[in-house]
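J.: Its first residue numbered 1, the sequence shown is counted upward by one per residue in this note's numbering.
Heads up, the beta-carbon is just placed ideally off N, CA and C, and yes, glycines get one too.
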Amino acid sequence: MNRTVVTASLAAGIVAGAAASAAAILRQREQLVAGLVPPGHFHDVDGERIHCIDQGSGPGVVLIHGLGGSTFSWREAIPALAVDHRVLAVDLPGFGFSERMPVWPLSLEQHARRVARLMDELGIGRATVIGHSMGGSIAARLAAAFPTRVERLVLVASVDPGAGSWMPGMLAGRPALAAGQIALAIPSLVRLAAKRALRTAVADPSFLDAGTINGYSEPLLLPGTAACLSRLMQDSRVDRPVDLAGLAVPTLVVSGELDPAIPPVVGEEIANAVPGARHLVVPGVGHLVPEEQPAVFVDQLRQFLAEGAQQAGRRGRKKAAAATIPD
Numbered sequence: 001m002n003r004t005v006v007t008a009s010l011a012a013g014i015v016a017g018a019a020a021s022a023a024a025i026l027r028q029r030e031q032l033v034a035g036l037v038p039p040g041h042f043h044d045v046d047g048e049r050i051h052c053i054d055q056g057s058g059p060g061v062v063l064i065h066g067l068g069g070s071t072f073s074w075r076e077a078i079p080a081l082a083v084d085h086r087v088l089a090v091d092l093p094g095f096g097f098s099e100r101m102p103v104w105p106l107s108l109e110q111h112a113r114r115v116a117r118l119m120d121e122l123g124i125g126r127a128t129v130i131g132h133s134m135g136g137s138i139a140a141r142l143a144a145a146f147p148t149r150v151e152r153l154v155l156v157a158s159v160d161p162g163a164g165s166w167m168p169g170m171l172a173g174r175p176a177l178a179a180g181q182i183a184l185a186i187p188s189l190v191r192l193a194a195k196r197a198l199r200t201a202v203a204d205p206s207f208l209d210a211g212t213i214n215g216y217s218e219p220l221l222l223p224g225t226a227a228c229l230s231r232l233m234q235d236s237r238v239d240r241p242v243d244l245a246g247l248a249v250p251t252l253v254v255s256g257e258l259d260p261a262i263p264p265v266v267g268e269e270i271a272n273a274v275p276g277a278r279h280l281v282v283p284g285v286g287h288l289v290p291e292e293q294p295a296v297f298v299d300q301l302r303q304f305l306a307e308g309a310q311q312a313g314r315r316g317r318k319k320a321a322a323a324t325i326p327d
């Protein structure tokens with residue numbers, strides 16, 4: 001057997017082995033995706049299929065997750081707040097179980113409009129809007145663009161909405177998209193990347209059990225995720241800074257004391273820029289404040305929400321008194 005034949009046989013074997021491995025990986029991914037069960041419901045908003053969790057009754061609370069997150073990010077807060085509030089947690093398009101259509105504009109400003117339209121669809125006229133990380137910037141944009149829809153604003157470990165573009169340009173290019181499409185097709189790589197990212201984001205990695213890692217990594221396996229991430233990164237580069245000084249809504253800024261991604265100094269700067277805003281630093285936690293210390297987080301939220309209820313009650317009594325006609 002000559003050298004050419006041997007080389008050709010080796011090459012054919014390598015190609016066949018690679019094809020078999022790729023097929024096995026694809027089957028594994030398809031099986032995992034087929035087994036995923038959305039925890040909420042789907043709503044059509046202007047032709048976009050958006051997944052959300054809608055629980056409880058009472059004053060509205062809207063929850064907006066961060067980059068790489070989903071409704072899963074609020075799994076501890078949702079039932080605790082739904083005891084006496086109507087809680088709407090949304091999967092932004094491209095995340096969680098919402099549809100992936102990279103032809104849609106996916107800037108943060110567009111996401112803010114989507115959330116407002118979802119509120120319209122579900123009959124939520126006005127709500128406290130809470131955003132985490134990237135979701136904080138979306139929440140601030142919602143308050144700026146639709147001030148009558150936002151009762152109170154909570155920015156949790158939020159990127160600075162007043163700082164303009166927050167997405168590194170290198171992440172929006174074609175090489176990053178190609179690499180992302182490959183990586184997000186391999187379940188083991190997705191899980192490993194999610195695990196590493198989560199470990200660097202939190203103060204105490206011991207709380208990252210298998211369920212938490214799977215909750216973050218598994219939705220990323222849905223087809224179209226990489227393309228939507230690339231579109232988000234491209235579109236977000238043209239997002240305009242939010243005029244924080246123009247926000248006329250009671251605002252609470254929450255930071256994790258040990259947040260390596262968005263340290264408390266950023267939260268302090270945001271709070272200083274928003275008139276009347278308060279800054280709360282939660283001790284001993286990192287970037288995932290609602291998950292690392294859920295009881296503390298919910299308790300602080302409840303105090304902030306109670307202030308709004310008390311103010312609304314006083315306004316109602318004043319209106320009633322003004323409308324009373326003496327005998």
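So, using beta-carbon positions, are Ala77 and Leu67 closer together than 9 Å?
T.: Locating residue 77 in the sequence shown gives position 77, where the first residue counts as 1. Locating residue 67 in the sequence shown gives position 67, where the first residue counts as 1. No, these two residues do not count as a Cβ contact at 9 Å.
J.: Nearest-angstrom Cα distance between Ala172 and Gly246?
T.: Indexing the sequence shown from 1 puts residue 172 at position 172. Indexing the sequence shown from 1 puts residue 246 at position 246. Low confidence applies to Ala172: its pLDDT is 43, below 50, so where it sits in the model is not reliable enough to give any reading.
J.: Ignoring anything shorter than 4 residues, give me the alpha helix (DSSP H) runs that lie fully in the region 70-141, in order along the chain.
T.: Correct list: 77-81, 108-121.
J.: Have a look at Ala194 and Ile213 and give me their C-alpha separation to the nearest angstrom.
T.: Translated into positions along the sequence shown, residue 194 becomes position 194. Translated into positions along the sequence shown, residue 213 becomes position 213. Looking at the two C-alpha atoms, the distance is approximately 7 Å.
J.: Would you give the residue range spanned by the beta strand (DSSP E) that Gln55 belongs to?
T.: The residue labelled residue 55 in the question sits at position 55 within the sequence shown. Taken as a continuous stretch (DSSP letters only), the beta strand (DSSP E) holding Gln55 covers 48-55.
J.: Do Gly56 and Asp91 have their C-beta atoms closer together than 9 Å?
T.: For the purposes of this step, residue 56 is taken as residue 56 along the sequence shown, with counting starting at 1. For the purposes of this step, residue 91 is taken as residue 91 along the sequence shown, with counting starting at 1. Not in contact: Gly56 and Asp91 (Cβ atoms no closer than 9 Å).
J.: Just the C-alpha distance for Arg126 and Gly256, rounded to the nearest angstrom, thanks.
T.: The sequence position of residue 126 within the sequence shown is 126, counting from 1. The sequence position of residue 256 within the sequence shown is 256, counting from 1. Spanning the two alpha carbons is a distance of roughly 28 Å.
J.: Say whether the region 150-164 touches the region 232-249, bearing in mind that this needs 3 or more beta-carbon pairs closer than 8 Å, one atom from each stretch.
T.: Segments in contact, yes.
J.: Considering Ser217, what are the terminal residues of the alpha helix (DSSP H) in which it resides?
T.: Along the sequence shown, read from residue 1 onward, the residue named residue 217 stands at position 217. Ser217 -> alpha helix (DSSP H) spans 210-217.
J.: Specify the secondary structure class of Ile64 as computed by DSSP and reduced to three states.
T.: Translated into positions along the sequence shown, residue 64 becomes position 64. The answer is strand: DSSP assigns Ile64 an E or B state.
J.: Which residue wins for smallest C-alpha separation from Gly162, given the options Ala271, Pro38, Cys228, Val45?
T.: Counted from its first residue, the sequence shown places residue 162 at position 162. For the residues Ala271, Pro38, Cys228, Val45, the minimum Cα distance to Gly162 belongs to Ala271.
J.: From the DSSP output, read off the bridge partner residues of His41.
T.: Position 41 of the sequence shown, counting from 1, holds the residue named residue 41. The partner list for His41 (beta bridge, DSSP) reads Cys52.
J.: For Gly308, which of Arg49, Glu48, Gly60 has the nearest alpha-carbon?
T.: In the sequence shown, the residue the question calls residue 308 occupies position 308. Here the closest residue by C-alpha is Gly60.
J.: Who does Thr251 pair with in a DSSP beta bridge?
T.: The count along the sequence shown starts at 1 and reaches residue 251 at position 251. Note: Thr251 sits in a beta bridge opposite Leu153.
J.: I'd like to know whether the C-beta atoms of Ser137 and Asp120 end up nearer to each other than 9 Å.
T.: The residue labelled residue 137 in the question sits at position 137 within the sequence shown. The residue labelled residue 120 in the question sits at position 120 within the sequence shown. In this structure, Asp120 does not lie closer than 9 Å to Ser137 by Cβ.
J.: Pick helix, strand or coil for Val298, following the three-state DSSP scheme.
T.: In the sequence shown, counting from the first residue as 1, residue 298 sits at position 298. Here Val298 sits in helix by DSSP.
J.: Let me know the secondary structure DSSP gives Arg237 once reduced to three states.
T.: On the sequence shown, residue 237 is found 237 positions in, with the first residue counted as 1. Reduced to three states, the DSSP call for Arg237 is coil.
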